[in-house]
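Right, one structure below, let's go through it.
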Amino acid sequence: MELAKRIFRGEMDGPQLLITGAVHGDEFEPIAAIRRLIDRFESDKELETTLRGSVTFVPVVNEAAFLRGHRCADDGLDLARVCPGRADGSITERTARALSDLIESADYYIDLHTGGTEFAVLPLAGYSMHSDAKVLEAQRRMAKAFNLPTVWGTAGNLDGRSLSVARDANVPAIYTEYLGSASCCEEGVVAYVDGCLNVMAELKMLDREPTADRVETIVEDPRPNSGHMQVCNPSPITGYFEPAVSLGDEIKVGDPLGTVFDTVGSDRRTIASTQSGIVLVLRTFPRVHEGESVGVILEMQA
Ligand SMILES: [Zn+2]
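Dropping the structure here:
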């Protein structure tokens, strides 16, 4: 399988940067931002010729999921759990293999995400706490340069991700999040376009005036499984979730995140936060299944 992509190559030597969107099919700011970046390189030939190195844009990695309007394709597998995939596997496994080939041949990697249909996420740039000091330092520089308000380093032990393929290949990589809730906000698209160009400037691939520093919070949390958002604050029942907090709120252990109701409201369970910190991720799609997350708290002192 080959992923639909555009490559722009400058006349001078430099690194090979890979930028991907829609690893999950219901995340739209990344698709719009990468298309705008392609348009910018198309319409400004000088931008391409003066580029040091090359940039590969893949606006939609998971086309089968995108066409369904879902996080996953119809084999039900999460592309960000089955990497590096298999060339002879199901549609998601084949897509994972094709993506992994691109990551393994890159020098640097940016993977753009959002909270998708069911969640909203505070804008952040994240990376794994890589065991190689040089890779980790490059990831820190890329995440800060991307210039979103939160920078989050988490445990490097999670497998199956695009970022774990990069980790195993020693390719410095970051991922980003920007809201979600099945919509596409203009400020997110603009922030993603700027962020990618900022990282290219940080990697000396192009010259660009530094933009005002928007980074407010830097947290590194090396505890195992930190950064695994889907396991935090699970719902005890299947039902309708009504949040008691907003994205970005400060919350303490025991404070209610919200309540899950059965359809007639006779069974209602309030979900108390198990952590203190900032509401980093919040379920915005009310239907929740038992065991699914309703939100993630960013602990400020990890
Ligand atoms: Zn995603």
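Under my numbering, the first residue of the sequence shown carries the number 180, and numbering increases by one thereafter. Glycine included, C-beta positions come from ideal geometry on N, C-alpha and C. Remember, predicted model here, so these are calculated numbers, not experimental data.
For residue i, three-class secondary structure by DSSP
i       : result
Ala-451 : strand
Met-191 : strand
Ser-445 : coil
Asn-307 : A small correction: the amino acid at residue 307 is Ser; Asn does not occupy that position in the sequence shown. Three-state result, Ser-307: strand.
Arg-185 : strand
Val-473 : coil
Gly-429 : Correcting the residue identity first, residue 429 is Glu in this sequence and not Gly. Looking at Glu-429 - three-state DSSP - the assignment turns out to be strand.
Thr-396 : strand
Phe-464 : coil
Leu-382 : coil
Glu-221 : helix
Glu-272 : helix
Ile-416 : coil
Leu-256 : coil
Pro-435 : strand
Phe-137 : In the structure as shown, the chain starts at 180 and stops at 481, and residue 137 therefore has no counterpart that could be examined.
Leu-376 : helix
Gly-367 : helix
Glu-227 : helix
Phe-245 : helix
Val-234 : strand
Pro-209 : helix
Closer than 7 Å: residue i CB and nearest ligand 1 heavy atom
i       : result
Gly-248 : no
Glu-206 : yes
Val-300 : no
His-558 : Nothing in the structure corresponds to residue 558, since the chain is present only between 180 and 481.
Gly-374 : no
Gly-295 : yes
Ala-451 : no
Ala-172 : Residue numbering for the chain in the displayed model covers 180 to 481; residue 172 lies beyond these limits and cannot be assessed.
Ala-361 : no
Ala-212 : no
Arg-292 : Checking the sequence, you will find His at residue 292 rather than Arg. His-292: yes, Cβ under 7 Å from ligand 1.
Ala-259 : yes
Selection from the options that minimises the alpha carbon distance to residue i
i       : options                            : result
Glu-421 : Ala-348, Thr-438, Gly-433          : Thr-438
His-309 : Ile-397, Ala-451, Leu-342, Asp-254 : Leu-342
Val-261 : Val-202, Thr-329, Cys-375, Val-239 : Val-202
Gly-255 : Glu-272, Val-432, Ala-312          : Glu-272
Ile-353 : Val-394, Ala-304, Arg-462, Ala-183 : Ala-304
Phe-207 : Arg-188, Asp-441, Val-369          : Val-369
Leu-196 : His-292, Leu-382, Asp-338, Leu-216 : Leu-382
Arg-402 : Trp-331, Thr-449, Asn-349          : Trp-331
Ala-451 : Gly-418, Val-473, Glu-221          : Val-473
Arg-214 : Asp-446, Gly-204, Ile-397, Gly-200 : Gly-200
Thr-296 : Thr-229, Glu-366, Ala-212, Gly-359 : Gly-359
Ala-324 : Ala-348, Phe-187, Asn-241, Glu-395 : Glu-395
At 3 residues or longer, what runs of the beta strand (DSSP E) sit wholly inside the segment 275-360? 287-291, 298-300, 303-307, 329-333, 352-356
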